[in-house]
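Student: Quick mapping for you: the protein sequence lines, in order, are chains A and B. Under this note's numbering, the residue at position 156 of the first sequence is numbered 156, and the numbers go up by one with no gaps. With the second sequence counted from 1, adding 1000 to any position gets you this note's numbering. From the three backbone atoms N, C-alpha and C, an ideal C-beta is built for every residue, glycine too. Dropping a structure here in structure tokens format, bear with me for questions.
Protein chains: 2
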Amino acid sequence: MALILKGAPVAAAMTEKMKTRSDALRARGIVPTLAILRVGARDDDLSYERGAMKRAEKAGIDVRNEVLPADADEGTFFGTLEKLNNDPGVHGILMFRPLPKHLDGEKARKMLAPAKDVDGCTDGSLAGVFTNTRLGFPPCTAEAAMEILHYYNIPVSGKKAAVIGRSLVIGRPVAMMLMHENATVTICHTRTPDVPAVTREADIVIAASGQMRSVGAEYLAAGQTVVDVGIGWSEELQKLCGDVRYEEAEELVAALTPVPGGVGAVTTAVLCRHVIEAAERSML
Amino acid sequence: MALILKGAPVAAAMTEKMKTRSDALRARGIVPTLAILRVGARDDDLSYERGAMKRAEKAGIDVRNEVLPADADEGTFFGTLEKLNNDPGVHGILMFRPLPKHLDGEKARKMLAPAKDVDGCTDGSLAGVFTNTRLGFPPCTAEAAMEILHYYNIPVSGKKAAVIGRSLVIGRPVAMMLMHENATVTICHTRTPDVPAVTREADIVIAASGQMRSVGAEYLAAGQTVVDVGIGWSEELQKLCGDVRYEEAEELVAALTPVPGGVGAVTTAVLCRHVIEAAERSML
């Protein structure tokens, strides 16, 4: 049976350290502050927002909610974004995306101040992930996957890692982060003819294709660590599921993140740590 | 015996197409212009500069040489760079690096106008390579390797590629470019325990570690395409050599770039095409 790599203790350990840092900032008169910019009220956004706000409170971070109606016009939206960009009291901005269709999401992404891009979506943040410099911040989910490996002392350097998925929010950045820590990384995607042949050979498998329950026993091997980044509702099983067929993986591999309660539980802690880092950088 | 993937016909075909585009630009009153900013007179720089100037002439591109003495002070250097950044008659800037130690190379890289970064060294260009958008320009050597594969109709999509080396000028960008064309890419580096085991399984091997003659028969297999990005002078053999032990590879693989006369012969053509593209973009 696999060791279950739960996210909660990872997030708790991170939060404890964050509290010390936010206390130190507050003692110097700086209140680390996250602005959450939401247009409309999608269920996914609301759920993530609740999690982020709870985590922020524990970490000693103030949250400013900027909520616009789903039909907010361009002027209102970009005016709000610009106001947050320019407000020295706001250290990080979480801008929920995708935006409604009538708002230009690409323009918004380019306008977002790189120094406040705690969610890692700007070109500056992505260049930082690619070049291994702390320009902006890495995408939170990718960093959350790395945090779990670190917390549970899973060796990365010199190991083989296989990443399934090449998205900009998780697949590509986590591949780079694994490589920066000296893993030998292979990125698999929809055009890879034989994904299981690649993943079976890896020490670490990051399942991040977004294809629910697509990764079963035939993809896996004994001794592996499997990080499941997917999450979605299975109508068939009537529960939240990841990209991995959990019951098959659990029998076979050495260590495995659960869904829910794995990577997702760490993502908001990473977001909050970015806010604190942004606040600390703002003093330099 | 391997098919020898010479660079000269690739560069010639590219140049012919470039000439048409530069003629069209000139007909509209725009003279595509490359500024070469060189501090001092290193042999490597002079040799590349000669190659770039010859290629530019054939491609219908004007070259402006900005040569500063090796002991040029900060004010002179950054003043020159700023002048080139702001000059609408300059479409691309090739800034030879590394700069002498008394000049801040990182500051210079950050100051270079991304729109004129035809050598692909700014964060904007690197973000473009990572995100697969045409922000700035990819590093020339990485794109030259891809051009050779394209010219000789080497299939990339669905194939396995192994990249040896993870530098920002070639390893990482060429890995991303191969992945954007749907190859399944593994990046090997100094901390990969068994590089030959990875490269032997690949359809395409990019040798870009900068370790002269380090890649021999034990790294390779029949049927492969091998692109050798290295170049250096071997005292032992008294000739220019790449990262691949050519005589061993030639016996074994399906196709192979020579050194010299392979990737290096295409790099200046890519540089020139970037200048033309920058000039075309300047009209938008």
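Count the other CB atoms, across all protein chains shown, that sit within 10 Å of the CB of residue 1032/B; report buried if there are 16 or more and exposed otherwise.
Tutor: As a first step, residue 1032/B must be located in the second sequence, where it is residue number 32. By the neighbour-count rule (16 or more Cβ atoms within 10 Å), residue 1032/B is buried.
Student: Taking the alpha carbon of residue 1182/B as the point to measure from, which residue in 14/A, 186/A, 88/A has its own alpha carbon closest?
Tutor: As a position in the second sequence, residue 1182/B is number 182, starting the count at 1. Cα-wise, what sits closest to residue 1182/B is 186/A.
Student: Taking residue 66/A as part of the beta strand (DSSP E), name the residues at either end of that continuous run.
Tutor: As a working note, residue 66/A is residue 66 in the first sequence. Residue range 62-68 is occupied by the beta strand (DSSP E) that includes residue 66/A.
Student: Using DSSP with H/G/I as helix, E/B as strand and the rest coil, what is residue 1279/B?
Tutor: The count along the second sequence starts at 1 and reaches residue 1279/B at position 279. Here DSSP, grouped into helix, strand and coil, assigns residue 1279/B to helix.
Student: If the cut is a Cβ gap below 8 angstroms, which residues of chain A does residue 1185/B touch?
Tutor: Indexing the second sequence from 1 puts residue 1185/B at position 185. The answer, in chain order, is 186, 187.
Student: Counting pairs of beta carbons, one from the segment 229-242 of chain A and one from the segment 12-29 of chain A, are three or more of them closer than 8 angstroms?
Tutor: no
Student: Identify every residue that forms a DSSP beta bridge with residue 234/A.
Tutor: Mapped onto the first sequence, residue 234/A falls at position 234. Its beta-bridge partners are 239/A.
Student: Against chain A, with Cβ distances strictly below 8 angstroms, would residue 1135/B count as a contact?
Tutor: What you label residue 1135/B is simply residue 135 of the second sequence in a count that begins at 1. Closer than 8 angstroms to the CB of residue 1135/B there is at least one CB belonging to chain A.
Student: Taking Cβ-Cβ distances shorter than 9 angstroms, what residues in chain A pair up with residue 1096/B?
Tutor: Position 96 of the second sequence, counted from the first residue, corresponds to residue 1096/B. Result: empty, since nearest Cβ-Cβ is about 20 angstroms, beyond 9 angstroms.
Student: For residue 1172/B, name the three-state secondary structure that DSSP assigns.
Tutor: Here residue 1172/B refers to the residue found at position 172 of the second sequence. DSSP places residue 1172/B within a helical segment (H, G or I) once states are collapsed to three.
Student: Given a cut-off of 8 angstroms on the beta-carbon distance, is the pair residue 202/A and residue 243/A in contact?
Tutor: Your numbering for residue 202/A matches position 202 in the first sequence. Your numbering for residue 243/A matches position 243 in the first sequence. Not in contact: residue 202/A and residue 243/A (Cβ atoms no closer than 8 angstroms).
Student: If you pair each beta-carbon of the segment 1143-1159 of chain B with each one of the segment 155-175 of chain A, do three or more pairs fall below 8 angstroms?
Tutor: no
Student: Just the Cα atoms here: how many angstroms apart are residue 1/A and residue 251/A?
Tutor: Position 1 of the first sequence holds residue 1/A. Position 251 of the first sequence holds residue 251/A. In this structure, the CA atom of residue 1/A is about 5 angstroms from the CA atom of residue 251/A.
Student: With 8 angstroms as the limit, tell me which residues of the segment 185-214 of chain A have their beta carbon closer than that to any beta carbon of chain B; keep them in chain order.
Tutor: 185, 186, 187, 188, 189, 191, 192, 193, 198
Student: Can a CB atom of chain A be found closer than 8 angstroms to the CB of residue 1022/B?
Tutor: Start at 1 with the first residue of the second sequence, and residue 1022/B comes out as number 22. No, because no Cβ of chain A sits closer than 8 angstroms to the Cβ of residue 1022/B.
Student: Whose Cβ in chain B lies nearer than 7 angstroms to the Cβ of residue 166/A?
Tutor: If you number the first sequence from 1, residue 166/A lands on position 166. Those within 7 angstroms of residue 166/A in chain B are 1179.
Student: Could you give the DSSP three-state label for residue 1263/B: helix, strand or coil?
Tutor: By 1-based counting over the second sequence, the position of residue 1263/B is 263. Coil, per DSSP.
Student: Applying the criterion that 16 or more other CB atoms from any shown protein chain within 10 Å of the CB defines a buried residue, is residue 134/A buried or exposed?
Tutor: Working through the first sequence from its first residue, we reach residue 134/A at position 134. Per the 10 Å Cβ criterion, exposed.
Student: Counting only runs that start and end within the segment 1075-1115 of chain B, where is the alpha helix (DSSP H) found for 4 or more residues in a row?
Tutor: 1105-1111
Student: At a cut of 8 angstroms, does the segment 1071-1090 of chain B reach the segment 1101-1118 of chain B through at least three beta carbon pairs?
Tutor: yes
Student: If we count the other Cβ atoms within 10 Å of its Cβ and call it buried at 16 or more, is residue 268/A buried or exposed?
Tutor: Locating residue 268/A in the first sequence gives position 268, where the first residue counts as 1. The residue is buried, with at least 16 neighbouring Cβ atoms inside 10 Å.
Student: Three Cβ pairs or more, each shorter than 8 angstroms: is that satisfied between the segment 1055-1068 of chain B and the segment 1121-1129 of chain B?
Tutor: no
Student: Going by C-alpha distance, which of 1120/B, 1216/B, 1180/B, 1196/B is nearest residue 1169/B?
Tutor: Within the second sequence, residue 1169/B is the residue found at index 169, counting from 1. It is 1120/B whose Cα lies nearest to the Cα of residue 1169/B.
Student: Listing by chain order, which chain B residues have their CB less than 7 angstroms from the CB of residue 157/A?
Tutor: Locating residue 157/A in the first sequence gives position 157, counting from the first residue. Taking the beta carbon of residue 157/A as reference, the chain B residues within 7 angstroms of it are 1191, listed in sequence order.
Student: Where does residue 38/A fall in DSSP's three states?
Tutor: Within the first sequence, the letter at position 38 stands for residue 38/A. DSSP places residue 38/A in strand when its eight states are reduced to three.
Student: Under three-state DSSP, which class holds residue 1135/B?
Tutor: Here the question's residue 1135/B lines up with position 135 in the second sequence. Residue 1135/B falls in the coil class under three-state DSSP.
Student: Going by the CB atoms, is the gap between residue 30/A and residue 283/A shorter than 8 angstroms?
Tutor: Sequence index remark: in the first sequence, residue 283/A carries index 283 (1-based). Sequence index remark: in the first sequence, residue 30/A carries index 30 (1-based). Yes, these two residues count as a Cβ contact at 8 angstroms.
Student: Would you identify the three-state DSSP class for residue 1272/B, choosing helix, strand or coil?
Tutor: As a working note, residue 1272/B is residue 272 in the second sequence. Of the three classes helix, strand and coil, the one that applies to residue 1272/B here is helix, per DSSP.
Student: Is residue 1123/B close to chain A? Criterion is C-beta to C-beta, closer than 8 angstroms.
Tutor: Along the second sequence, one-based indexing puts residue 1123/B at 123. For residue 1123/B, the answer is yes, since a Cβ of chain A falls inside 8 angstroms of its Cβ.
Student: Just to check my reading of the structure: residue 1166/B and residue 1189/B have Cβ atoms closer than 8 angstroms, yes? What is that Cβ distance to the nearest angstrom?
Tutor: As a working mapping, residue 1166/B is identified with position 166 in the second sequence. As a working mapping, residue 1189/B is identified with position 189 in the second sequence. Between residue 1189/B and residue 1166/B the Cβ distance is about 5 angstroms, and since that is below 8 angstroms, they are a contact.
Student: What does DSSP give as the partner residues of residue 204/A in its beta bridges?
Tutor: Locating residue 204/A in the first sequence gives position 204, counting from the first residue. Residue 204/A pairs with 161/A, 225/A.
Student: Measure the Cβ-Cβ separation of residue 1220/B and residue 1226/B and say whether it is below 8 angstroms.
Tutor: Against the second sequence, residue 1220/B aligns to sequence position 220. Against the second sequence, residue 1226/B aligns to sequence position 226. Cβ atoms of residue 1220/B and residue 1226/B: closer than 8 angstroms.
Student: Report the residue from 1246/B, 1090/B, 1020/B whose alpha carbon sits nearest the alpha carbon of residue 1216/B.
Tutor: Position 216 of the second sequence, counted from the start, is the residue given in the question as residue 1216/B. If we check each option's Cα against that of residue 1216/B, 1246/B comes out closest.
Student: Do you know how far the Cα of residue 1161/B is from the Cα of residue 254/A?
Tutor: The residue given as residue 254/A occupies position 254 in the first sequence. The residue given as residue 1161/B occupies position 161 in the second sequence. Answer to the nearest angstrom: the Cα atoms are 29 angstroms apart.
Student: Taking residue 187/A as part of the beta strand (DSSP E), name the residues at either end of that continuous run.
Tutor: As a first step, residue 187/A must be located in the first sequence, where it is residue number 187. 184-188 is the span of the beta strand (DSSP E), which, as asked, contains residue 187/A.
Student: Provide the residue(s) that pair with residue 1004/B in DSSP beta bridges, ordered along the chain.
Tutor: Numbered from 1 along the second sequence, position 4 holds the residue referred to as residue 1004/B. According to DSSP, residue 1004/B bridges with 1256/B.
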